[in-house]
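Numbering (the working numbering), first residue to last: 7 to 437. One structure is given below, encoded as structure tokens.
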Ligand code: GCU
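In structure tokens:
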């Protein structure tokens, strides 16, 4: 269920809410007939209007587009290097009755053992290719929620309260173990020969508007800086950065084939996986599940969640420049199809859910469709259809897509399709 503003009801709120011009969740458009006419910027035309006609020219145009997303949407990721350190904290070669190795690895972002750090949980299959291809994705409520494995360290970090998931006083409890296992079918993943790596996104930046006192942003502030500049990164930028730092570790872990690492994310973390894949071409494959507005969905459609809602409810996610597009989508020098194009020619899979109208399934599909010319220029089939496929009939061209039954979630169906897609498109080099 998406949050709504309905809990703010009451006379006072009725008078004050919504503020003038604010499009709240209650006002979201779910009517296709009310989607306004729009025209999309062409990823294959340079800012100076010259056409992009060769793969070499695309590399230059790619840099332009990346810059546009930095300046106008997610913010610039600092290029400075922090002194990363890795520590393998535990290793058990007999996880799941011997079919997998479980490891826990801490990635320290500074030289301070008590400074910002991220705990990776890894399961590596014992059978199948070695080193193993892998999926990496951040989780919402701590590593201990992804499986009922009692050996997983319980997260002690701040997290959003959630009664159903047994998070109280912003802390996980023992009862939280395994509460999100339906979204992480780890044994199924292992059986198919993939490793699974996950980390709690709050290790990188806790998901609330705290004025940048916690998380990794402050590691990069200049002297006297207290928050990101209007074109600098927000929380989505930080989560994406964290995914790249996890990949830095996987490169030195001999159990993992670091040339075959797929980055996967759901919802806000699908937005983060897209931005990670766009910036870091070491990710061999990208999966965005129900990523919606600010993710795969086209903003100009203004269907379901809009830029204004994103910026109002989650002011810390994007950069401050993004605010100028509240209710002003057509002014953007980009749209989200250009984010998908930044993955080209690497395989990307966009997944929607039929009832997840907030995330605009059609907008997610249309975005994939309009990234396709870039993939074709680079000699791949791009998205091999031009109409939205029927429910649960996946498209498995280089840009892959499905819409499944049900709502906003990650299911076994989704994972099975991600793995089919990875089997098809993420083969070892030379095969
Ligand atoms: C909210 C938000 C979405 C986001 C989702 C999630 O619904 O409006 O943009 O994708 O949370 O992360 O679950």
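Note that beta-carbon positions come from the ideal geometry of N, C-alpha and C, so glycine has one too. It should be emphasised that the depicted structure is a prediction, and the values quoted were computed from it without experimental measurement.
- A direct Cα-Cα distance of roughly 40 Å separates residue 237 from residue 399.
- Taking 4 residues as the minimum length, the alpha helix (DSSP H) runs contained wholly in the stretch 298 to 345 are 313 to 319, in order along the chain.
- Residue side-chain check: residue 300 places its Cβ nearer than 8 Å to a non-hydrogen atom of the ligand GCU.
- It is roughly 16 Å from the alpha-carbon of residue 104 to the alpha-carbon of residue 135.
- A straight line joining the alpha-carbon of residue 364 with that of residue 40 spans about 15 Å.
- Here the distance from the Cβ of residue 305 to the nearest heavy atom of the ligand GCU is not below 8 Å.
- Of the residues assessed, residue 175 falls on the exposed side of the cut-off, its CB having fewer than 16 other CB atoms within 10 angstroms.
- In summary, residue 69 is exposed, with fewer than 16 beta-carbon neighbours lying within 10 Å of its beta-carbon over all protein chains present.
- By the C-beta criterion, the stretch 348 to 355 is judged to be in contact with the stretch 366 to 386, since at least 3 inter-stretch pairs fall below 8 Å.
- Taking the CA atoms as reference points, residue 171 sits about 36 Å from residue 330.
- Beyond the five residues adjoining it in sequence on each side, residue 338 comes within less than 7 Å, by CB distance, of 78, 305 and 331 in the same chain, given in chain order.
- Judged by their CB atoms, residue 196 and residue 131 are nearer to each other than the 9 Å cut-off.
- Here residue 149 carries a helix assignment [DSSP, helix/strand/coil].
- Residue 354 holds the alpha-carbon nearest to the alpha-carbon of residue 401 among 413, 361, 360 and 354.
- Rounded to the nearest whole angstrom, the CA to CA distance from residue 280 to residue 99 is 32 Å.
- For residue 309, the Cβ stays outside the 8 Å cut-off from all heavy atoms of the ligand GCU.
- Here the C-alpha atom of residue 315 lies approximately 36 Å from the C-alpha atom of residue 158.
- Here the C-alpha atom of residue 403 lies approximately 11 Å from the C-alpha atom of residue 374.
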